[in-house]
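Since the structure comes first, as structure tokens, the remarks are kept for the end.
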Amino acid sequence: MITINHYMAVSAALLLIGTVGVMTRRNIVVILMSIELILNAVNVNLIAFSKYHNQVTGQVFAIFVIAVAVAEAAVGLGVLIAMFRNKGTVQADEVDLLKW
Amino acid sequence: MSGDTFFFYAFSALALLGGLGTVLLRNAVHCALALMTSLLGVAGLYLLQGAEFLFAVQIVLYIGGIMVLFLFVIMLVNLDQASKLQQFGRQTPIALVVALAAVAAIFSMLSKSAVLLPASVSLTPLTGGNTETVANVLFTDYLLPFELVSILLLVAVVGSVMMAGKRTE
Numbered sequence: 000m001i002t003i004n005h006y007m008a009v010s011a012a013l014l015l016i017g018t019v020g021v022m023t024r025r026n027i028v029v030i031l032m033s034i035e036l037i038l039n040a041v042n043v044n045l046i047a048f049s050k051y052h053n054q055v056t057g058q059v060f061a062i063f064v065i066a067v068a069v070a071e072a073a074v075g076l077g078v079l080i081a082m083f084r085n086k087g088t089v090q091a092d093e094v095d096l097l098k099w
Numbered sequence: 000m001s002g003d004t005f006f007f008y009a010f011s012a013l014a015l016l017g018g019l020g021t022v023l024l025r026n027a028v029h030c031a032l033a034l035m036t037s038l039l040g041v042a043g044l045y046l047l048q049g050a051e052f053l054f055a056v057q058i059v060l061y062i063g064g065i066m067v068l069f070l071f072v073i074m075l076v077n078l079d080q081a082s083k084l085q086q087f088g089r090q091t092p093i094a095l096v097v098a099l100a101a102v103a104a105i106f107s108m109l110s111k112s113a114v115l116l117p118a119s120v121s122l123t124p125l126t127g128g129n130t131e132t133v134a135n136v137l138f139t140d141y142l143l144p145f146e147l148v149s150i151l152l153l154v155a156v157v158g159s160v161m162m163a164g165k166r167t168e
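Protein chains in written order, with numbering that gives the first Met the number 0: chain A, 0 to 99; chain B, 0 to 168.
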């Protein structure tokens with residue numbers, strides 16, 4: 000029998016995988032992909048609770064999360080292209096102009 | 000093992016293995032393909048939970064839209080030499096320690112969730128199809144957030160074109 004706990008466990012695992020990706024990878028494209036993983040983990044949780052409470056509000060929130068994820072991906076990739084044009088790198092730790 | 004159980008574990012494995020591939024693989028194109036697998040698994044989980052509309056949105060928008068955007072950018076910024084560099088930053092050990100602590104915290108919470116979870120409530124019995132119900136709620140209770148999201152998307156489109164476009168002085 001699959002309960003809501005199973006979905007919460009999958010969601011938590013996906014969230015942690017994404018978090019590790021954001022914290023450890025150097026390539027900014029992969030960091031943006033890990034952020035997508037995190038947002039998907041949130042959505043799994045929202046859908047699971049939407050089913051649990053037998054209401055669609057969770058699904059509506061998931062739609063909002065997807066819309067924000069799309070905006071984030073578009074802006075993030077735009078910033079990435081601008082950065083690649085100006086600095087010629089996609090490694091996160093090579094962009095350290097403000098560091099001393 | 001019933002069908003539901005089997006498909007839950009199959010889709011979860013797809014989502015989690017795809018996620019691991021995204022984080023661990025060296026070549027960014029392989030990462031994008033692994034992410035696609037993961038999104039497909041998540042879409043399957045939506046379907047199992049009766050969210051058919053979100054299943055379709057996930058396939059069309061994420062796998063069809065965002066992933067194409069990622070692949071385009073990967074080809075634009077030419078990641079061939081980037082895949083030969085060191086992939087994990089210097090903060091990796093600290094990040095792994097923090098992540099393990101988070102794993103311990105979250106899963107100890109989950110093991111107690113039977114006590115913490117509120118009882119299931121079902122205020123309004125769902126009638127009609129999933130898409131119809133979602134649309135009804137979206138366009139009545141959440142109309143203002145919906146409009147705000149459309150403004151957000153407009154701003155994001157203009158902003159990303161601004162940043163990615165060529166400067167002609």
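A virtual CB, placed ideally from N, CA and C, is assigned to each residue, including glycine. All of these numbers come straight from a predicted model, not from anything done at the bench.
For the region 55 to 76 of chain B, which residues have a CB atom closer than 8 Å to at least one CB atom of chain A, in sequence order? Of all residues in the region 55 to 76 of chain B, only 56, 57, 60, 61, 64, 65, 68, 69, 72, 73, 75, 76 place a beta-carbon less than 8 Å from a beta-carbon of chain A.
So with Cβ pairs under 7 Å, would you call residue 115 of chain B a contact of chain A? No, no contact with chain A.
Contact list for the region 134 to 164 of chain B against chain A, Cβ threshold 7 Å: Residues passing the 7 Å Cβ filter: 136, 137, 141, 144, 148, 151, 152, 155, 156, 158, 159, 162, 163.
Which of the three DSSP states is assigned to residue 26 of chain A in this structure? When DSSP states are grouped into helix, strand and coil, residue 26 of chain A belongs to the strand group.
Taking 7 Å as the cut-off, decide whether the C-beta atoms of residue 82 of chain B and residue 73 of chain A are in contact. Against a cut-off of 7 Å, the Cβ pair of residue 73 of chain A and residue 82 of chain B comes out as no contact.
Thinking residue 28 of chain A and residue 69 of chain B are a contact (beta carbons under 8 Å), I'd like their distance in whole angstroms, please. Contact annotation, residue 28 of chain A with residue 69 of chain B: C-beta distance approximately 7 Å; criterion of less than 8 Å satisfied.
Straight-line gap, residue 38 of chain A to residue 23 of chain B (C-alpha atoms, nearest Å): Computed Cα separation, rounded: 19 Å.
With DSSP as the reference, please indicate the residues paired to residue 87 of chain B in a beta bridge. Listed as beta-bridge partners of residue 87 of chain B by DSSP are A:24.
Between residue 15 of chain A and chain B, is any beta-carbon pair separated by less than 7 Å? Chain B contact via Cβ: present.
Among A:97, A:5, A:92, A:98, which residue has its Cα nearest to the Cα of residue 48 of chain A? Checked all of A:97, A:5, A:92, A:98; the closest Cα to residue 48 of chain A is A:5.
Tell whether a beta-carbon distance below 7 Å holds between residue 91 of chain B and residue 23 of chain A. By the CB criterion at 7 Å, residue 91 of chain B and residue 23 of chain A fall inside the cutoff.
Name the chain A residues that come within less than 9 Å of residue 36 of chain B, Cβ to Cβ? For residue 36 of chain B, none of the residues of chain A pass the 9 Å Cβ criterion, the least Cβ distance being about 11 Å.
Answer with yes or no whether the minimum CB distance from residue 87 of chain A to chain B is below 7 Å. No, its Cβ sits nowhere closer than 7 Å to a Cβ of chain B.
Name the chain B residues whose beta carbon is nearer than 9 Å to that of residue 92 of chain A? Result: 88, 89, 90.
Identify which residue in B:155, B:164, B:141, B:100 has its Cα closest to the Cα of residue 63 of chain A. Ranked by Cα distance from residue 63 of chain A, the options B:155, B:164, B:141, B:100 are led by B:141.
Can at least three beta-carbon pairs, one atom from the region 42 to 51 of chain B and one from the region 15 to 32 of chain B, be found at a separation below 8 Å? As far as the Cβ criterion goes, the region 42 to 51 of chain B does not touch the region 15 to 32 of chain B, which means the pair count is below three.
In chain B, which residues lie with their C-beta within 7 Å of the C-beta of residue 50 of chain A? 48, 49, listed in chain order.
Taking residue 28 of chain A as the query, report the chain B residues whose CB atoms sit under 9 Å from its CB, ordered along the chain. The contact set of residue 28 of chain A on chain B, defined by CB atoms closer than 9 Å, consists of 27, 30, 31, 69, 72, 73, 76, 78, 81 in chain order.
Given residue 86 of chain B as reference, the closest of A:84, A:85, A:90, A:17 once Cα atoms are compared: Comparing Cα-Cα distances from residue 86 of chain B to each of A:84, A:85, A:90, A:17, the minimum goes to A:90.
When we look at the beta-carbon of residue 56 of chain B and count the other beta-carbons within 10 Å, is it buried (16 or more) or exposed? Per the 10 Å Cβ criterion, buried.
Would DSSP call residue 57 of chain B helix, strand or coil? In the structure shown, residue 57 of chain B sits in a helix (DSSP, three-state: H, G or I).
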